[in-house]
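Using this note's numbering, you'd call the opening residue of the sequence shown number 24 and step up by one each time. This report concerns only the one structure given below.
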Amino acid sequence: MFKNISEIVISFVVLGSLVTGCSSQPTQPAPTPSASATPVAPAATTALADVIKNGLPGYSVGMRGVSDSFDNMYYAAKGGNWALSAYMSNVMRDYMSPTQITRIKDYPQWDSFVKGNLGDNSALKKAMDAKDMVAFEKAYSDTIDNCNGCHSASGFKFIKKIKASGPKANLDYSFQSNASDNK
């Protein structure tokens, strides 16, 4: 999907251009509209707003990816694949990137969570960098508690994150690496 906000913005500019009928071809000056003519711009704006609202994933789709990546992050660390663990930490951010546009009022809460729990100064990041599984286990458990606190505060107390009972079998969690190998 989208890797960062600039890809999303570029996509919307392209989409907006298509919706409003812009092209790279030279155009003739538009005739002066009559009083009964319907402006195109408001309809295009409404169409684009509808695409943004209904065509891009909101929190539910993103959070499913976040949850799976969070589980993968744990089992990668447990297996010694610290680069994969760090990579999965970054992937979680990517899953929620579209919500900067689709859920503008809710995004700051996610951004704050990321900075506090997955950011450069977070206990999880420091444990990954140090390859310290004891510290990682503690930080991971604390982050689960923070996830559930956020869910509850957002009106979703019925969504209770737990540590997965086992890893998915589609990744090599035991490949030995350092968090800094994730570039």
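Ideal Cβ positions, reconstructed from N, Cα and C, are used throughout, including at glycine.
Asked, Found
"Nearest-angstrom Cα separation, counted from Met-115 out to Val-84", "12 Å"
"Separation of Ile-124 from Asn-193, as counted between CA atoms", "32 Å"
"For Tyr-118 and Gly-88, believed in contact at Cβ under 8 Å, the rounded distance", "4 Å"
"Residue interval of the alpha helix (DSSP H) (run including Asp-117)", "105-119"
"Chain D within 9 Å of Tyr-82, Cβ atoms only", "Annotation note: the requested chain D is absent from the structure, which comprises a single protein chain."
"Host alpha helix (DSSP H) of Phe-179 (start-end)", "Here Phe-179 belongs to no alpha helix (DSSP H), and DSSP marks it neither H nor E."
"Helix, strand or coil at Ser-200 according to DSSP, with G and I counted as helix", "strand"
"Contact the stretch 186-205 vs the stretch 91-104: 3+ CB pairs below 8 Å", "yes"
"Limits of the alpha helix (DSSP H) - the one that Arg-87 falls within", "82-102"
"Asp-91 and Lys-191 closer than 9 Å at C-beta", "yes"
"Close beta carbons around Asn-205, own chain, < 6 Å, minus the five adjacent residues each side", "Ala-106, Ala-109, Tyr-110"
"Start and end residues, alpha helix (DSSP H) containing Gly-189", "Taken as a continuous stretch (DSSP letters only), Gly-189 belongs to no alpha helix (DSSP H), as it is neither H nor E."
"Distance, Arg-126 Cα to Ala-67 Cα", "21 Å"
"Nearest-angstrom Cα separation, counted from Gly-142 out to Ala-158", "16 Å"
"Nearest-angstrom beta carbon gap, Ala-162 and Ala-146 [assumed within contact, 8 Å]", "4 Å"
"Exposure label - Phe-93; buried when at least 16 CB within 10 Å", "buried"
"CB contact flag (Lys-148, Asp-155, <9 Å)", "no"
"Three-state class that DSSP yields for Gly-172 in the structure shown", "helix"
"Other residues of its chain near Cys-170: CB distance less than 6 Å, five sequence neighbours each side excluded", "Lys-184"
"Distance, Gly-172 Cα to Asn-140 Cα", "13 Å"
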